[in-house]
Every structure is written in C-alpha cells, then in structure tokens.
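To convert a position in the sequence shown, counted from 1, into the numbering used here, add 2.
The structure appears right after this line, and notes come after that.
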Amino acid sequence: MLYSVIGYYSLILGLCFGLILILFSVKNFQNSKFDTKILSFTFLQFFFVVISFLCLVVSFILSDFSNETVFNNSHTTKPLFYKIAGTWGNHEGSLLLWLFVLTLFILIFLLKSKNQPTKYKILTLVFQQIIIIGFFVFLIKTSNPFNFLFPTPEEGLGLNPILQDPALAIHPPILYLGYVGSSIIFSSALAATSLNLITKSWATHIKKWVLISWIFLTLGILLGSIWAYYELGWGGFWFWDPVENVSLMPWLALTTLLHCILVLEKKLILTSWVIILSISTFTLSMCGTFLVRSGILNSVHTFANDPERGLFILIFLFSLIFLSLFIFFFFHKSNKDTPTSFFWLSKETSIIINNWFMMYFLSVVLIGTVYPIFLDVLSSQKISVGPPFYHKLIIPFLIPFLLMMAIGPKLKWIKSNLEDKTYLIILLLFSILLSFLIVKNFDTNFLLNTILISSALYLFLITLRDFFIKKYNNLSQNIAHFGFSLLILSIIFNNLFSTEIITNLKVGETFKSETTKIVFEGINQKKEKNYQSIIGNFSIQNSKGKIENMSPELRIYNQPNIVTSEADIKTTLISDTFIVINLVQNQDYFNVRYQVKPFMIWIWISVVLISFGGLISFIKKKYEK
C-alpha cells in the first residue's frame, strides 16, 4: 500500500510541475535566453513520473494486491519476468508508460536543442506539456493505476496468458517509443509554424526525431507481428486486425513525413505537406489509443472496455486537432521565394506522386478500420472487413508505387533525364521474364501476379545494383528500399506457395494427402508453476519422404483459467513448417492445423533491413553523399 501512496502522489506532483512549466514558459516567452529553471522543472516532472512508474513495478513484483491494478493483472504464481512486464500489460500501466516516455522525450528534446531559438524551444515545450497534462488528468481521473482495494485480497486474477510472452514484454515499450516520438514532431511542427520557422535548418533539426519515431514504430510493429504469428495460432504475419491497422496508419503517415522532411531539408518545398503530416501522424497515434481503450474494437490487443475513458480520449483528441488546424490555417505562411512548379520528370514529382500513393494506402486502411464502427453506430449492423477488401484496393496501386520507388532515386531535382536508361530497361525486361517463369504454372490472377512480382523484383534488382556500385552514396535509402522490395517479394511468394492442412485427429490416427502424411503418435503432459500443458507428438512426412517430428502444445493456466495454443515452428531459410493443435469441445480428438509457409524468415529480415536503413540515416549521415 505504501508504494501505491507514493506512486499516486508522485503523479500529482508531476501534474503540478506540468502546470508550473506552462505558466513559467509563458512568463519567459519574450526572454532572449533560455531560462535554465525550465529545464530543472522539466527534469523534476520526469523524476516524479519515474518514481510513480517504479512504485507500480515494485507493487507488481511484491504482488501487492491492495493495488487494484496489480490484483486485476497479476498472480503469486506468475514468473517474476512477467510480473514486471505485466506493469505495462494493462490499460493503466500502459498509460503510465506513455507518460514516462512523454516526459523523457521532452527532456531529451530540450537538452539536444541548445542551438535552437529560445521561443521555439519554449513553445514546443508548451504544446508538449498540453499533451502531458492531458495524460496526467486521464490517468488520475479515469485510469488511476494506484486505486486501493480493502480488504486486501489474498490472490490476484492474473494476467492474460496470451500476454505472458517475451515478445509482449518488449513489444509495447518499443511501439510506444514510436507513438510518443510523434508527439515531439507534432509539438515542434506547431511551434515552428507559429513562429514561421519551417526552414531547412528546422528540417535538419526535427529529422532525427522523425527517424527515431519511425525506427521504433517499425520495430514495434515487427515484434507484434512475430508474436501474433507464433502465439495466436493464426499461422500468418498480418491479418488486417483493426488494432494492427491502428499501428500501421501512423507508420504510413510517418514514412511519408520522413521523405517530405528530406525534401524540405534540401529544397525548402512541401512545407504544407510536412506540417499536415506532422499533425496527422500524432493524430493517428491518438486515434489508435482511443480505439484500443474505448471498447469499440474487439481484439486480443485491446486493453480496456470503458466508454468513459474512450470519451475522455475523444474529447482530448478533438481539442488537439482543433488547436493544430487553427495554428496551421492562421499562422502558416508559404515561402513565395521557393519554386512552386517543376518539370514532370524530376525527383520532386516522383516524391509527390509517391506521397499520394501513400495517402491512398492510408485512406484504404482508415476506411476499412472505421467504416464497420460507423455502420455499427448508425444502423447496429455488424460487419467485418477482411483481407480481400485490402488486397483488391491496395495491390493494383502497389505496382506503380514500386516502379516509382525504383525510378525516382535516379531522377534529379527540378528537371532531369533518367540516368543509365539502358540498364534500367534491361533490368525491367529481365524482371518481367523472371516473373513470368515463376508464375506461369498458376491459373489464377496470372497477369496481376506477374506484373506485381515484376515491379517488386525490378526495385529489388535496382537497389541491389546501387548497393554494390554506388556503395556509400544514398546507403540508407538503398538499404531501406532493398528491404521493402524484399518484403513485398517475400509476402507474394508466401501467399502463392503456402499450403495448409486442417483436420481432426485422435491419438494414433493418420492423415494422408498427395503431398503430406501426418501421424498423431501420442501426447505428453507436464506441470509448471502456473500452468499444465498437453504436448502433442506428431510425425510429418512430405512428398520427398523427409520425416520431421513436431510437438505443438496446449497450456491450461491456473489463474486465469484459460487454455492457450503454443505452435511448434521449424524455421529454415526457405520456409517454415507450422503446426498448432486445439481441443475440440466435448470430444476426444484434436483439431490440427499444419502449414508450410515459404519465405517467412525473409519477411522478418526485410523489416529489420528497413529499420536498419533508418538507423544508418540517423547515425551515419557523415558517410552519405
């Protein structure tokens, strides 16, 4: 109980320092020099948030069930690692982690912005404190992580076993680093717009925050996808789940913003794009927070089902949107000295075209995510939007997008001719021929698959050539684009060549198909501290006669009483073999799902390469020409 008291009043003190910071910043706005007291107050605010967060961590470690959050999300039999991870594996704790990162980032921003104008730093701090205070109020009023329970229960309800996984311990913090990083971009853009400081130097300054946010958001999505693949038994990497989508949307906006920032840094154009995308990225991050915590979406990823919380976030979100749009329309001034038109064959044109493609993809994901919600509210009609919707609307436009990614870097600013036309044409023809040979045995969507693979392969070959020929020239871009082309190719081949068998088997039974023989040899049981498990023993023989032993697992947890499936996955450079079992209710047989998923590891590797490209841009800029 002591730690809950300290944690709660630390939150109160952090809120007080936020209010002091706004008042003190407004008072010192006209000063030519940055008052160091502002930095001290910011540090103290961060310090009290750290104290509050550590108090919650200790409460989880000690299994202090007088704390309602601990009671609802922990248990004495839960391993220590998951007790600690459970701190942010719930609604209240995750918001406290958000607040921790918010206060940390604004402190780092002030420390790393010594050479920036004083008014700009102060105004960025004010906008950021508005967000921080909003989260403080949200926590204290609707989501207090330090509520008391009396009398103190002897045992807790436990954490959802699905969340008791190493990936889930690091996935949320990394994802939040990406989300919260967008708040700094948002606040900085509003401050720079208000002071008419959207310049090349500002672009250079804020680019690092865009890269940091983008890298963390990319890695966060990757970890979530890997976790869903092996833990949920879906057997895939992406299912267009609404909560997956709410992380993808800010990533699309942030990726577009990153390219616009690079253009702004070089040519001082696309200023309006940069401001709008800075606002949109953070707005979409907040929209994701609202959808996940309002109870509107039904997903394994959701944290809460409380309309009061959702209403608070919605009001707060609309307030931020109104504030940002007001500043944009009344303070943004276009630079009339910069060129507003350029030749159709130029780097500027290619970037603008790809920006529109990215916005189209974002719109498709947004509509597919929110339309069922609006339809449910307006007509009580429940529908689900699945992969076919997204594939039909995205894939045809993905082809010209990939081609523009391949050709765009070869163009010059303002006006240009394509460099090395000969090899570009040769690689295109080679890509079409190779794609034809790959897809020729498929009757369905032959033309579409051929063109799609050709465009992805074209980008793959061009970036691969540039990597070896130009070396350090645009190294980060080449690695990121190469990773993206590898990602698209891996996804296409995964979809084309995947096989799946779903059957019900008793112990001792055998399933046979033209290519696969599955023998259910038996089961083993074991007991752990917080769960019991049933392990299935399977012998699997493929068409080449190769026999592989696989052991998927069912876990029956004590608290809460939930049964989960643990897939057995054998990974090679070529493909994954994936098997998962589930109990058939009131029956003595098991439902068995066996899949062969080609190029799965290359999907993960490609996303790592994309992130690595961003990291190189962040830390190795001096090596790039």
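All C-beta atoms, glycine included, are put in the ideal place defined by N, C-alpha and C.
{"query": "Nearest to residue 591 (by Cα), restricted to the options 622, 477, 550, 523", "result": "523"}
{"query": "Cβ-Cβ distance between residue 246 and residue 253 below 8 Å", "result": "no"}
{"query": "For residue 516, the first and last residue of its enclosing beta strand (DSSP E)", "result": "No beta strand (DSSP E) holds residue 516; DSSP gives it neither H nor E."}
{"query": "Three-state secondary structure (DSSP) of residue 35", "result": "coil"}
{"query": "Nearest-angstrom Cβ-Cβ length linking residue 77 and residue 160, presumed shorter than 8 Å", "result": "4 Å"}
{"query": "Coil, strand or helix - residue 591 by DSSP", "result": "coil"}
{"query": "Touching by the beta-carbon criterion (3+ pairs, under 8 Å), the segment 104–122 and the segment 22–38", "result": "yes"}
{"query": "Closest Cα partner of residue 502 within the set 594, 359, 460, 36", "result": "594"}
{"query": "Euclidean distance between Cα positions of residue 5 and residue 498", "result": "55 Å"}
{"query": "Every unbroken alpha helix (DSSP H) within the segment 476–562, with a cutoff of 4 residues, ordered by chain", "result": "477–499"}
{"query": "Rounded C-alpha distance that separates residue 264 from residue 188", "result": "17 Å"}
{"query": "Cβ neighbour criterion (16 or more within 10 Å) applied to residue 455", "result": "buried"}
{"query": "Straight-line gap, residue 525 to residue 552 (C-alpha atoms, nearest Å)", "result": "12 Å"}
{"query": "Separation of residue 37 from residue 408, as counted between CA atoms", "result": "49 Å"}
{"query": "Between the CA atoms of residue 414 and residue 339 - distance to the nearest angstrom", "result": "With a pLDDT of 48 at residue 339, under the threshold of 50, the predicted position of this residue should be treated as unreliable, though the coordinate-derived value follows. Approximately 20 Å, taken between the alpha carbons."}
{"query": "Residue 599 - partner residues in DSSP beta bridges", "result": "578"}
{"query": "Beta-carbon proximity list for residue 229, same chain, < 7 Å, skipping 5 on both sides", "result": "167, 169, 170, 173"}
{"query": "Neighbour-count burial assignment, residue 93, 16 or more Cβ in a 10 Å radius", "result": "buried"}
{"query": "Rounded separation between residue 148 and residue 64 - CA only", "result": "14 Å"}
{"query": "Straight-line gap, residue 625 to residue 614 (C-alpha atoms, nearest Å)", "result": "Confidence in residue 625 is poor, its pLDDT being 43 and thus under 50, which makes the residue's placement unreliable; the coordinate value appears in the next sentence. Cα to Cα, residue 625 sits roughly 15 Å from residue 614."}
{"query": "Cβ-based neighbour list, residue 232, same chain, cut-off 7 Å, excluding 5 preceding and 5 following", "result": "569, 571"}
{"query": "Residue 260 versus residue 213: straight-line alpha-carbon distance, rounded", "result": "7 Å"}
{"query": "Residue 354 versus 380, 364, 406, residue with shortest Cα-Cα distance", "result": "406"}
{"query": "Three-state class that DSSP yields for residue 75 in the structure shown", "result": "helix"}
{"query": "Pick from 504, 433, 621 that is closest to residue 477, judged by C-alpha positions", "result": "621"}
{"query": "Start and end residues, alpha helix (DSSP H) containing residue 27", "result": "4–29"}
{"query": "Three or more C-beta pairs below 8 Å linking the segment 134–148 and the segment 218–226", "result": "no"}
{"query": "Local conformation of residue 414 per DSSP, three classes", "result": "coil"}
{"query": "Close Cβ partners of residue 288 (< 8 Å) along its chain, the five nearest in sequence each way excluded", "result": "315, 318, 319, 322"}
{"query": "Three-state secondary structure assigned by DSSP to residue 148", "result": "coil"}
{"query": "Beta bridge counterpart(s) of residue 585 as assigned by DSSP", "result": "592"}
{"query": "Cα-Cα separation, residue 16 to residue 67", "result": "25 Å"}
{"query": "Residue environment, residue 23, which counts as buried when at least 16 other CB atoms sit within 10 Å", "result": "buried"}
{"query": "C-alpha distance - residue 606 paired with residue 559, whole-angstrom precision", "result": "30 Å"}
{"query": "Residue 101 CB to nearest heavy atom of the ligand SAH below 7 Å", "result": "Here there are no bound small molecules, and the ligand SAH is not part of this structure."}
{"query": "Where residue 100 falls, given that 16 or more other Cβ within 10 Å makes a residue buried", "result": "buried"}
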